[in-house]
């Protein structure tokens with residue numbers, strides 16, 4: 007096998023230890039433009055990334071399109087010889103017992119035919135056409151089957167199969183001079199996690215509702231963030247701010263703050279790599295270490311960072327199984343699936359809207375600043391809430407807050423739980439400052 | 019099977035059009051953190067991609083070696099036939115191109131010993147280390163060599179070899195419980211000479227330290243001056259994407275049907291130019307093989323062109339502008355920008371500041387994005403200065419700026435002489451390609467800032 011050949015070749019070329027990460031992916035995709043299938047594609051890739059170490063010197067090499075792993079292993083060893091010493095490198099990961107999760111590979115998704123995939127996706131496209139005002143629908147469906155394996159001279163030998171689906175639909179609307187847009191998306195490791203009609207309707211509905219837009223001025227208001235408006239904020243808190251590398255180098259606003267109250271005490275934030283069928287789940291991480299469940303924030307207190315092997319060894323603790331990578335790079339640290347646990351703040355989703363005046367944020371693409379913990383960004387898709395009712399769409403609405411204030415002013419969490427892009431949770435309500443060009 | 023035979027096979031299988039792209043890429047990456055090399059990577063990739071068209075439907079696949087080309091062609095034709103079930107027919111009346119172009123650079127990076135590259139990274143690390151209050155230094159250097167050959171059934175046959183080099187510094191500073199950061203990079207087409215003599219790590223370090231005294235920006239609308247980096251990202255994100263032919267054809271752009279109309283104030287001209295040698299977004303031929311060219315997207319405030327590939331040019335009744343680009347072998351080319359910039363005006367930065375009674379000077383770009391359908395955009399400035407009575411008074415923190423594209427272009431009332439091109443990567447539909455964003459300093463009468 008490639009990975010074994012690579013490790014063997016690295017050792018024969020002077021490496022004292024070596025590890026190979028092998029990734030085979032078969033992906034089909036359907037790309038739709040203007041309501042029609044534009045391109046159907048089918049791509050298979052096989053990649054190999056090899057780490058080789060000599061004492062405290064570490065080298066990495068990768069290649070695709072391989073018939074033999076030997077050359078990559080030798081190159082990794084040569085790179086290790088050329089690399090200066092890293093005083094914090096304590097060796098490649100040791101083997102740990104991996105309990106395999108069975109709910110990562112859906113045979114229906116693995117065997118999905120392109121014709122069936124196209125029919126399924128076009129159902130979503132058609133579902134977005136809720137009226138003549140929806141002038142264009144575009145999107146992409148990607149379905150992949152992958153085999154991931156890690157093999158090392160330290161005894162790691164793990165492999166598993168995973169499937170993955172992601173779908174997004176964008177709808178553009180027009181009514182005279184007014185323009186709007188909406189989107190819907192879904193991801194998961196099982197075919198039935200994609201409900202094409204729901205995703206399409208969501209995109210079409212938002213496109214129509216954003217036609218009538220207004221603006222607001224500078225106000226501090228109750229703001230409800232729907233799940234799609236949280237996946238750039240809550241997972242960021244875990245994957246970036248509580249990322250051990252960022253803490254060790256002092257880049258994060260959470261540096262030296264373990265034990266500090268950073269959220270109200272009803273709130274815990276957990277990273278979980280083992281939830282069945284979620285894209286963030288796997289039996290082992292990108293270094294072959296078993297994944298787990300890490301309480302990053304417990305009862306409002308910053309409890310633990312997430313680690314890969316390097317960062318964990320530097321601190322003399324166990325890896326939390328959060329190493330991530332593709333075959334072209336050495337391991338980094340990423341969150342799996344992040345969720346907020348706060349049963350005491352739970353309420354029905356509609357009850358969150360019960361405010362005199364507020365903002366409903368459906369979507370934002372922005373992330374907080376790693377070093378200051380401040381968020382300054384745009385409510386990309388947002389609506390005004392007036393007397394408990396969602397009314398007009400908002401344009402040019404910026405938001406500014408400290409992440410800690412976001413977690414401390416959170417007074418309600420909805421039961422409308424969604425899972426997407428490494429986040430699992432319902433809507434939340436916070437109190438923050440929003441800014442627009444002024445009421446129109 | 020060779021590439022010419024693949025074209026014949028595709029036509030025999032019934033394709034209306036077939037394109038085969040052979041691609042070899044070599045790359046090196048060095049990442050140094052606080053003086054320690056944390057990543058030393060070398061890699062190579064080789065693939066052949068096949069794209070076919072059948073009655074308006076496209077099929078795409080890849081071959082991992084010449085032995086797999088025949089099956090990749092047959093699969094791609096089958097996929098195109100599948101797509102054609104729902105497609106509208108396309109007339110293949112496109113031009114063809116022949117030629118070859120190669121850049122090696124004075125000091126080819128791919129042939130430079132790894133130890134010499136590590137020395138370059140170390141020099142930057144030392145520059146940042148010498149700045150007081152710097153607490154974390156991240157220096158990244160990457161070089162790639164991309165060799166491509168594109169042939170198609172219309173007779174196009176072009177070869178191109180382009181080396182790219184980029185050096186980046188991401189520096190953190192800390193004092194009295196406050197941590198701040200700054201990012202700076204240089205890059206372009208050529209060898210190591212592209213990054214010679216730069217002091218990006220020191221520049222980033224000084225800005226990170228300067229930011230320690232910054233305050234959050236006052237939220238709401240303000241008159242603004244944007245530095246070239248920020249104005250460049252604005253024109254790329256807010257306007258450039260809306261002028262891409264696919265968005266225009268699909269009626270997903272605010273610029274659909276507006277050719278020849280006024281879209282901005284008369285001081286605004288916007289250019290996309292892949293032919294500027296040395297810039298990070300340079301190429302002679304695009305990934306469909308079309309020869310690239312300079313074009314005005316906006317001239318004196320009037321929308322004067324779109325960026326197109328073969329298909330969208332044909333649908334719009336325009337010439338292809340050579341803007342079809344793909345991230346790599348595993349993706350079909352789509353309409354993309356290259357080196358996109360606001361053209362020079364006649365103001366100086368000092369004149370703009372001195373005339374402003376109250377406002378914000380925003381500088382540096384962290385990222386930005388746009389929704390071309392609504393015409394709404396957001397871009398994030400690394401920092402800013404509060405301007406009072408013609409003077410820079412208070413340093414401001416990172417801040418988001420939101421707006422409506424055409425409103426802002428109309429409110430742009432002064433454009434500087436100091437055009438600057440900044441290298442970066444642009445993402446669209448999951449594909450990232452090297453570009454430069456460029457502009458001089460510009461003044462906008464009113465912009466919404468998302469401060470705290």
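Chains as they are written, first to last, in this note's numbering: chain Z, 7 to 446; chain G, 19 to 470. Glycine included, C-beta positions come from ideal geometry on N, C-alpha and C.
CB of residue i within 8 Å of CB of residue j, strictly
i                      : j                      : result
residue 404 of chain G : residue 411 of chain G : yes
residue 424 of chain G : residue 448 of chain G : no
residue 316 of chain G : residue 353 of chain G : no
residue 275 of chain Z : residue 303 of chain Z : yes
residue 404 of chain Z : residue 466 of chain G : yes
residue 72 of chain G  : residue 34 of chain G  : yes
residue 255 of chain G : residue 320 of chain G : no
residue 196 of chain Z : residue 266 of chain Z : no
residue 239 of chain G : residue 41 of chain Z  : no
residue 257 of chain G : residue 437 of chain G : no
residue 14 of chain G  : residue 292 of chain G : With chain G covering 19 to 470 only, the question about residue 14 of chain G has no answer from this structure.
residue 242 of chain G : residue 377 of chain G : yes
residue 108 of chain G : residue 19 of chain G  : no
residue 114 of chain G : residue 178 of chain G : no
residue 462 of chain Z : residue 76 of chain Z  : Beyond the ends of chain Z as shown, which are 7 and 446, falls residue 462 of chain Z; an answer cannot be given.
Proximal chain G residues relative to residue i, where beta-carbon distance stays under 8 Å
i                      : result
residue 259 of chain Z : 197
residue 402 of chain Z : 394, 420, 421, 422, 466
residue 120 of chain Z : 97, 100
Chain Z contact residues for residue i, given Cβ-Cβ distances below 8 Å
i                      : result
residue 355 of chain G : Going along chain Z, no residue has its Cβ under 8 Å from residue 355 of chain G, so there is no contact; the nearest lies around 19 Å.
residue 116 of chain G : Within 8 Å Cβ-Cβ: nothing; residue 116 of chain G doesn't reach chain Z, min ~26 Å.
residue 133 of chain G : 88
residue 416 of chain G : 375, 378, 380, 382
Neighbouring residues, chain G, relative to residue i (Cβ below 9 Å)
i                      : result
residue 66 of chain Z  : 47, 57, 58, 59, 60, 61
residue 111 of chain Z : Correct list: empty, because the minimum Cβ distance to chain G is about 22 Å.
Cβ neighbour criterion (16 or more within 10 Å) applied to residue i
i                      : result
residue 85 of chain Z  : buried
residue 462 of chain G : buried
residue 397 of chain Z : exposed
residue 143 of chain G : buried
residue 300 of chain Z : buried
residue 416 of chain G : buried
residue 137 of chain G : exposed
residue 264 of chain Z : exposed
residue 402 of chain Z : buried
residue 282 of chain Z : exposed
Listed by chain order, chain G residues near residue i by CB distance under 7 Å
i                      : result
residue 353 of chain Z : The contacting residues do not exist; residue 353 of chain Z stays about 27 Å from chain G at best.
residue 407 of chain Z : 470
residue 141 of chain Z : 269
residue 442 of chain Z : 466
Listed by chain order, chain Z residues near residue i by CB distance under 7 Å
i                      : result
residue 153 of chain G : 256
residue 387 of chain G : 371
residue 391 of chain G : 178, 185, 187
residue 82 of chain G  : 71
Chain-ordered neighbours of residue i on chain Z, where CB pairs are closer than 9 Å
i                      : result
residue 105 of chain G : 42, 43, 44
residue 263 of chain G : None at all; the shortest Cβ gap to chain Z is about 11 Å.
*Let me know the beta strand (DSSP E) ranges lying completely inside the stretch 16-55 of chain Z, each 3 residues or longer, listed in chain order.*
23-39
_Three-pair Cβ contact test at 8 Å for the stretch 190-201 of chain G versus the stretch 216-230 of chain G_ = yes
*So, do the stretch 61-69 of chain Z and the stretch 283-296 of chain Z have three or more beta carbon pairs nearer to each other than 8 Å?*
no
*Taking contact to mean at least 3 C-beta pairs separated by less than 8 Å, is the stretch 224-242 of chain Z in contact with the stretch 140-160 of chain Z?*
no
*Would you say the stretch 304-311 of chain G touches the stretch 267-283 of chain G, given that touching needs at least three Cβ pairs under 8 Å?*
no
*Determine contact between the stretch 126-142 of chain G and the stretch 209-218 of chain G, defined as no fewer than three beta-carbon pairs at a distance below 8 Å.*
yes
_Given 8 Å, three or more beta-carbon pairs between the stretch 161-181 of chain G and the stretch 39-47 of chain G_ = yes
_Does the structure place the stretch 252-261 of chain Z close enough to the stretch 118-137 of chain Z that three or more beta carbon pairs sit under 8 Å?_
no
*Would you call the stretch 214-221 of chain G and the stretch 382-391 of chain Z in contact, with 3 or more CB pairs under 8 Å?*
no
*Indicate whether the contact test is met: 3 or more Cβ pairs, each with one atom in the stretch 92-108 of chain G and one in the stretch 59-78 of chain G, closer than 8 Å.*
yes
*Determine, using beta-carbon pairs with one atom in the stretch 296-303 of chain G and one in the stretch 50-70 of chain G, whether at least three such pairs fall under 8 Å.*
no
_Taking contact to mean 3 or more Cβ pairs, one atom from each stretch, closer than 8 Å, check whether the stretch 97-112 of chain Z and the stretch 32-50 of chain Z are in contact._
no
_Whole beta strand (DSSP E) elements within the stretch 290-331 of chain G, 3-residue minimum_ = 313-317
*Evaluate the contact criterion for the stretch 79-96 of chain G versus the stretch 163-174 of chain G: three or more CB pairs, one atom per stretch, below 8 Å.*
no
*asked:* For the structure I just gave you, are there three or more beta carbon pairs, one from the stretch 354-366 of chain Z and one from the stretch 407-427 of chain Z, closer than 8 Å?
replied: yes
*Check whether the stretch 452-459 of chain G touches the stretch 371-382 of chain Z, counting contact only when three or more Cβ pairs, one atom from each stretch, lie closer than 8 Å.*
no
_Runs of alpha helix (DSSP H) lying entirely within the stretch 341-391 of chain G, each at least 4 residues, in chain order_ = 367-372
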